[in-house]
Amino acid sequence: MRSTVTAEALHGPAEPYRPGPTGPGALLRAAADAIPPSGLVLLAILSVQVGAGFAKDLFAQLPPSAVVFLRIAMGALIMGVIARPRLKGLTRADLGVGVAFGVTLGVMNLSFYEALARLPMGIAVAIEFLGPLGVAVAASRRRLDLLWVVLAGSGVVLLAPWGTAASGISWAGIGFALVAAACWAGYILLSAAVGRRFPGTTGLAFAMIVSVVLIAPVGIGSGGADLLQPELLLIGLGVGLLSSVIPYSIELEALRRMPKRVFGILMSLEPAVAAMVGLLVLGEVLQVREWAAIGCVVVASVGATRSGG
5 MRSTVTAEAL HGPAEPYRPG PTGPGALLRA AADAIPPSGL VLLAILSVQV GAGFAKDLFA
65 QLPPSAVVFL RIAMGALIMG VIARPRLKGL TRADLGVGVA FGVTLGVMNL SFYEALARLP
125 MGIAVAIEFL GPLGVAVAAS RRRLDLLWVV LAGSGVVLLA PWGTAASGIS WAGIGFALVA
185 AACWAGYILL SAAVGRRFPG TTGLAFAMIV SVVLIAPVGI GSGGADLLQP ELLLIGLGVG
245 LLSSVIPYSI ELEALRRMPK RVFGILMSLE PAVAAMVGLL VLGEVLQVRE WAAIGCVVVA
305 SVGATRSGG
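Per the numbering used here, the sequence shown starts with residue 5, numbered consecutively.
Following this line, the structure appears as structure tokens:
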């Protein structure tokens, strides 16, 4: 079910509103409509980082590729029940966009988790942030917006300890994080296209099914029978909700209601939230310059929200 706000924002005046079916999807849509788009982005960021923190704890029991498969499979199952995607009425171009979105989601998740296994959480997220930062710079049309991007970028530089010879940093991890950054940029652009072509969260559910098919061979091959342990399945369900279903759904809604450039700039909070989650969930102690970095990205995000209008 499309909201009238989405239809008006993307295609001009909408047809008269007719109540649709009730259910979990309708309740989630009503709740999302009551929250400003900037608030939806912040909720998505917090959900993703808390999910990533819990997922990293699973690396002691499952390899990263298996955790990714468990996360996406659980998310796809839940989204399939909520959205009940149907292919009827979709063109080949629509399906092509949906498949591209699904492939991007799968590669982004797999590469980021591989980076997370090789890098501290704050550094992995800081490198991955180059993706949305690049989208924000490319989409900027006003000098003031560029200022917020520069400020956010300064915060990322402060947050990432590039000058230290930390044993937890590897070139392989940096490479995986850079791949995740490129995929994140593609995700931002493709998610807006999916929102225009697919009703409600149907496009997201379709894309997650594509991601499951893509990741299944490597995920099942690395995880094996351990993927069937009830405790791990339960944790995987929670990670799937926090890292996939909740954030992707509300991000799609936010992108329907705000410019991509503002969305990209607001994502500057990602490294800061990752550092705070690392402190609370993983016991990572923040240094003074890391708190300074948090201040930079928070100010940048507030400024972007105010100037985005």
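Every residue, glycine too, gets a C-beta built ideally from N, C-alpha and C.
Neighbourhood of Ala-196 by C-beta, 7 Å cutoff - its chain only, sequence neighbours within 5 removed | Excluding positions up to five away in sequence, the list reads Leu-259, Lys-264.
Among Thr-206, Ala-119, Glu-235, which one has its Cα closest to the Cα of Leu-94?
-> Out of Thr-206, Ala-119, Glu-235, Thr-206 has the C-alpha closest to the C-alpha of Leu-94.
Please say whether Gly-106 and Val-364 have beta carbons closer to each other than 8 Å?
-> Nothing can be reported for residue 364, as the shown portion of the chain is limited to 5 through 313.
Cβ shell of Leu-241 (< 6 Å), same chain only, five flanking positions each side left out = Only Met-78 meet the Cβ criterion.
Segment limits, alpha helix (DSSP H) that includes Ala-121 = No alpha helix (DSSP H) contains Ala-121, which DSSP labels as neither H nor E.
Cα-Cα separation between Leu-232 and Gln-53, rounded to whole angstroms | The straight-line gap from Cα to Cα measures roughly 25 Å.
Among Phe-73, Val-45, Phe-63, Gly-43, the one whose alpha carbon lies nearest that of Leu-218 = With respect to the C-alpha of Leu-218, the residue from Phe-73, Val-45, Phe-63, Gly-43 having the closest C-alpha is Phe-73.
Return the residue from the list Leu-286, Leu-123, Trp-295 that minimises the CA-CA distance to Phe-58.
-> Considering only Leu-286, Leu-123, Trp-295, the residue with the shortest C-alpha distance to Phe-58 is Leu-286.
Return yes when the Cβ of Leu-238 is within less than 8 Å of the Cβ of Gly-55, no when it is not.
-> No. Outside cutoff.
Nearest to Ala-176 by alpha carbon, out of Leu-123, Phe-63, Leu-50?
-> Taking the Cα of Ala-176 as reference, the smallest distance to any Cα among Leu-123, Phe-63, Leu-50 is reached at Leu-123.
So, using beta-carbon positions, are Ile-131 and Ile-178 closer together than 8 Å?
-> Against a cut-off of 8 Å, the Cβ pair of Ile-178 and Ile-131 comes out as a contact.
Opening and closing residue of the alpha helix (DSSP H) in which Glu-235 lies = 234-244 is the span of the alpha helix (DSSP H), which, as asked, contains Glu-235.
Applying the criterion that 16 or more other CB atoms from any shown protein chain within 10 Å of the CB defines a buried residue, is Ala-181 buried or exposed?
-> With 16 or more Cβ atoms within 10 Å of its Cβ, Ala-181 is classed as buried.
Looking at Pro-275 and Gly-126, is the spacing between their C-beta atoms short of 8 Å?
-> A distance below 8 Å separates the beta carbons of Gly-126 and Pro-275.
How many angstroms separate the CA atom of Phe-228 from the CA atom of Val-160?
-> According to the sequence displayed, residue 228 carries Gly and not Phe. Between the alpha carbons of Gly-228 and Val-160 lies a distance of about 37 Å.
Return the CA-CA distance between Val-45 and Glu-235, expressed in angstroms with no decimal places.
-> Near 30 Å, if we compare the C-alpha coordinates of Glu-235 and Val-45.
How close, in whole Å, do the beta carbons of Ala-102 and Val-198 come, if the pair is a contact with beta carbons under 8 Å?
-> In the sequence as displayed, the identity of residue 102 is Gly instead of Ala. Their Cβ separation, rounded to whole angstroms, is 6 Å, which keeps Gly-102 and Val-198 in contact under 8 Å.
Inter-residue spacing [alpha-carbon to alpha-carbon] between Ser-319 and Lys-60 = This structure cannot speak to residue 319, because the chain is shown only from 5 to 313.
Kindly indicate which residue of Gly-282, Ala-156, Arg-201, Leu-283 has the alpha-carbon position closest to the one of Arg-96.
-> Ranked by how close their Cα comes to the Cα of Arg-96, the residues Gly-282, Ala-156, Arg-201, Leu-283 have Arg-201 in first place.
Cutoff 7 Å; reference Met-112; Cβ partners in own chain excluding five residues on either side = Around Met-112: Ala-184, Cys-187, Trp-188, Tyr-191.
At what residues does the alpha helix (DSSP H) containing Glu-288 begin and finish?
-> Per DSSP, Glu-288 belongs to no alpha helix (DSSP H) and is neither H nor E.
Closest residue to Leu-114 among Val-277, Pro-221, Ala-296, Leu-208 (Cα-Cα distance) = Among Val-277, Pro-221, Ala-296, Leu-208, the Cα nearest to that of Leu-114 belongs to Pro-221.
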